[in-house]
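Quick notes on the structure that follows.
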Amino acid sequence: MLKLIIIAGIVCFANSVWAQYAGFTPITDISSFSSAFTAASQKTSTIKSDFVQEKELSMLSEKIVSKGKCWFKKNNLVRMEYTHPFQYLMIINNDKVYIKEGQKEITVSARSNKLFQQVNKIMMDCMQGTALSNPDFKTRVFENKTSYLVELIPVASGIKTLFKNIKVLVDKRDYAANSIEMQELSGDHTIIRFVNRELNSNLQDALFTIR
Amino acid sequence: MLLFGCASAYKNLQPASADVSRLLAFKPAYTVALYKAKIDVLDNYLSGLLLIKRMPDSSLRLVFSNEIGVQFFDFEFSSEGVFKVHSAIKQLDRKAVITTLRKDFELVLMEGINPARVTTQTRDGLIFYSFPQAKGYYRYVTNRAGDTLVRMERSTKRTPVMQAIMQEYTNGVPDSIGITHHRFKFNIGLKILPR
Chain A
1 MLKLIIIAGI VCFANSVWAQ YAGFTPITDI SSFSSAFTAA SQKTSTIKSD FVQEKELSML
61 SEKIVSKGKC WFKKNNLVRM EYTHPFQYLM IINNDKVYIK EGQKEITVSA RSNKLFQQVN
121 KIMMDCMQGT ALSNPDFKTR VFENKTSYLV ELIPVASGIK TLFKNIKVLV DKRDYAANSI
181 EMQELSGDHT IIRFVNRELN SNLQDALFTI R
Chain B
212 MLLFGCASAY KNLQPASADV SRLLAFKPAY TVALYKAKID VLDNYLSGLL LIKRMPDSSL
272 RLVFSNEIGV QFFDFEFSSE GVFKVHSAIK QLDRKAVITT LRKDFELVLM EGINPARVTT
332 QTRDGLIFYS FPQAKGYYRY VTNRAGDTLV RMERSTKRTP VMQAIMQEYT NGVPDSIGIT
392 HHRFKFNIGL KILPR
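Residue numbers (this note's numbering), protein chains in the order written: chain A, 1 to 211; chain B, 212 to 406.
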């Protein structure tokens with residue numbers, strides 16, 4: 001009887017994992033994936049991409065869609081420029097964050113703002129291939145034929161209050177992030193899809209200058 | 212100067228008859244609208260997106276998130292006038308902050324007013340519609356003709372503590388909303404976005 005219960009438990013657990021991400025199966029050898037992810041990321045010094053962001057408000061049955069362009073350069077330089085339906089520029093340059101919105105320009109220390117610091121770190125980790133070694137998260141990795149799905153479950157107290165999990169979809173061909181999905185505790189989620197990606201193009205430092 | 216400073220902002224208001232339905236014509240007729248939001252509070256600046264949606268049960272939901280999608284708050288005004296906080300980030304989840312936001316949006320969205328309790332007065336070619344609240348008043352000021360909403364105020368008996376404007380209505384929905392507090396730096400600017 002006990003055996004039956006244990007087997008049933010294992011089957012239920014396996015089903016729940018499999019059912020969580022349809023079409024994906026869990027990877028058991030995370031360390032070899034981690035090495036390949038990090039090695040591939042080390043070959044990438046810049047990324048230029050368009051993005052489409054969708055925030056889905058489940059209870060309201062509404063979707064907010066915004067679009068823009070983003071640039072990433074090693075180390076720790078990110079520029080995100082929203083162009084539709086609003087203009088909004090964010091530059092992350094190491095531990096400083098610059099925001100320009102219309103006439104308003106502000107520069108803040110990412111360290112002084114936990115939210116910026118956490119979002120900053122997630123973006124950097126995804127682009128630099130260090131997402132798996134971030135101690136703020138517990139990690140699981142799944143795969144299908146074309147992609148890896150890296151699931152980051154927050155364990156650090158601050159970020160735990162914001163997100164249930166963060167899922168990064170990584171392209172098997174070049175190990176670059178195709179999308180980042182942030183699942184909030186409320187059930188709402190935001191997915192940023194990167195399209196028209198260019199790796200290792202020449203990006204001027206001026207793109208990331210904070211005055 | 213001291214005497215001037217203590218003078219009531221509502222001095223010399225004269226009783227006037229006015230049709231409250233003219234005022235209610237300015238109540239925003241939301242189905243769903245998305246605003247770009249800018250908030251200056253003390254030494255902090257917040258920006259993001261405010262989604263306002265009339266739900267099938269007639270309640271009104273307000274969801275504010277930053278540009279990257281992180282939700283700051285989710286408020287509900289039920290059709291019976293009950294206010295509910297569905298979520299609020301830790302930094303905002305304080306009684307004083309929530310109460311201020313509730314009252315501000317209640318005034319602007321005209322959700323907390325009982326037309327049966329209105330007092331109408333006039334001064335300087337303006338009509339003042341005042342609605343008593345548990346503490347203070349919600350006041351709406353229109354021109355004499357009643358075709359322009361000049362401003363909205365939350366006030367004590369003598370002094371406005373917050374003023375707001377709503378402008379450029381399209382299909383019953385204001386294009387711009389501005390909220391300014393007088394007792395501390397807390398300004399909210401909303402500008403509608405195309406969807």
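Each residue gets a CB set at the ideal place from its N, CA and C atoms; glycine is no exception.
Three-state secondary structure assigned by DSSP to residue i
| i | result |
| --- | --- |
| B/Glu317 | helix |
| A/Phe194 | strand |
| A/Met123 | helix |
| A/Phe208 | helix |
| A/Lys104 | strand |
| B/Val281 | coil |
| B/Ser228 | coil |
| A/Gln20 | helix |
| A/Leu2 | Its pLDDT being 49, under 50, A/Leu2 is placed unreliably by the model, and nothing is read from it. |
| B/Leu312 | helix |
| A/Ser58 | coil |
| A/Gly38 | Looking at the sequence shown, residue 38 of chain A is not Gly but Thr. Residue state, collapsed to three classes: helix. |
| B/Lys306 | helix |
| A/Ser201 | coil |
| A/Lys160 | helix |
| B/Ser270 | coil |
| B/Ile250 | strand |
| A/Ser31 | helix |
| B/Ala218 | coil |
| A/Ala131 | helix |
| B/Ala327 | helix |
| A/Leu169 | strand |
Residue i at chain A interface by Cβ criterion, 7 Å
| i | result |
| --- | --- |
| B/Gly259 | no |
| B/Leu404 | yes |
| B/Ser298 | yes |
| B/Tyr156 | It is not possible to answer for residue 156 of chain B, since the shown part of chain B is limited to 212 through 406. |
| B/Lys222 | no |
| B/Lys247 | yes |
Residue i classed as buried or exposed, judged by whether at least 16 other C-beta atoms fall within 10 angstroms
| i | result |
| --- | --- |
| A/Ile210 | exposed |
| B/Arg379 | The amino acid at residue 379 of chain B is misidentified as Arg; the sequence shows Glu. By the 10 Å Cβ count, B/Glu379 comes out exposed. |
| B/Arg369 | exposed |
| A/Ala14 | With a pLDDT of 45 at A/Ala14, under the threshold of 50, the modelled position of this residue cannot be trusted; read the value that follows with caution. Exposed. |
| B/Asp315 | buried |
| A/Thr83 | exposed |
| A/Val170 | buried |
| B/Ser276 | buried |
| B/Thr367 | exposed |
| A/Leu185 | exposed |
| B/Thr381 | exposed |
| A/Gln53 | buried |
| B/Gln282 | buried |
| B/Ile338 | buried |
| B/Thr310 | exposed |
| A/Ile10 | Interpretation of A/Ile10 is limited by its pLDDT of 46, a score under 50 that renders its predicted location unreliable; the figure taken from the coordinates is listed afterwards. Looking at its Cβ environment, which holds fewer than 16 other Cβ atoms inside 10 Å, A/Ile10 is exposed. |
| B/Gly259 | buried |
| A/Gly68 | buried |
Beta carbon proximity, residue i to chain B, threshold 7 Å
| i | result |
| --- | --- |
| A/Ser186 | yes |
| A/Phe217 | Coverage of chain A is limited to positions 1 through 211, which leaves residue 217 of chain A absent and any answer about it impossible. |
| A/Ile106 | yes |
| A/Thr190 | yes |
| A/Glu181 | no |
| A/Glu81 | no |
| A/Glu101 | yes |
Neighbourhood of residue i by C-beta distance below 6 Å, restricted to the same chain and skipping five residues each side
| i | result |
| --- | --- |
| A/Ser133 | none |
| A/Gly187 | Ser58 |
| A/Thr190 | Lys55, Met182 |
Own chain residues within Cβ distance below 7 Å of residue i, not counting five before or after
| i | result |
| --- | --- |
| A/Ile153 | Phe137, Lys138, Asn165 |
| A/Ile27 | Phe33, Val141, Phe142, Glu143 |
| B/Gly383 | Pro239, Ala240 |
| A/Ala156 | Asp136 |
| B/Ala244 | Ile263, Val384, Ile403 |
| B/Ile324 | Phe342, Tyr349 |
Cβ neighbours of residue i in the same chain (closer than 8 Å, five flanking residues each side left out)
| i | result |
| --- | --- |
| B/Glu322 | Leu271, Phe288, Gly292, Phe316 |
| B/Leu253 | Phe395, Lys396, Phe397 |
| A/Ile6 | In this prediction, A/Ile6 has a pLDDT of 49, which is less than 50 and means its spatial position is unreliable; what the coordinates show is noted afterwards. Within the same chain, A/Ile6 has no close Cβ partners at all. |
**Prompt:** the stretch 130-163 of chain A: which residues have C-beta closer than 7 Å to a C-beta of chain B, in chain order?
**Reply:** Thr161, Leu162
**Request:** Using a Cβ-Cβ cut-off of less than 9 Å, list which residues of the stretch 259-283 of chain B approach chain A; keep chain order.
**Result:** Leu260, Leu262, Lys264, Met266, Arg272, Val274, Ser276, Asn277, Glu278, Ile279, Gly280, Val281, Gln282
**Under 9 Å (Cβ pairs) to chain A, residues found in the stretch 340-366 of chain B** = Contact residues of the stretch 340-366 of chain B toward chain A are absent (C-beta to C-beta distance below 9 Å).
**Request:** With 8 Å as the limit, tell me which residues of the stretch 37-69 of chain A have their beta carbon closer than that to any beta carbon of chain B; keep them in chain order.
**Result:** Cβ contacts with chain B: Gln53, Lys55, Leu57, Met59, Leu60, Glu62, Ile64, Ser66.
**Request:** Please list the residues of the stretch 386-401 of chain B that have a C-beta atom closer than 7 Å to any C-beta atom in chain A, keeping them in chain order.
**Result:** Of all residues in the stretch 386-401 of chain B, none has a C-beta nearer than 7 Å to a C-beta of chain A.
**Asked** At a Cβ cut of 8 Å, what residues of the stretch 298-319 of chain B count as close to chain A, listed as they run along the chain?
**Response** If the cut-off is 8 Å between Cβ atoms, the stretch 298-319 of chain B has Ser298, Ile300, Lys301 near chain A.
**Prompt:** Going along the stretch 226-245 of chain B in order, which residues come within less than 9 Å of chain A, judged by CB to CB distance?
**Reply:** Val243, Leu245
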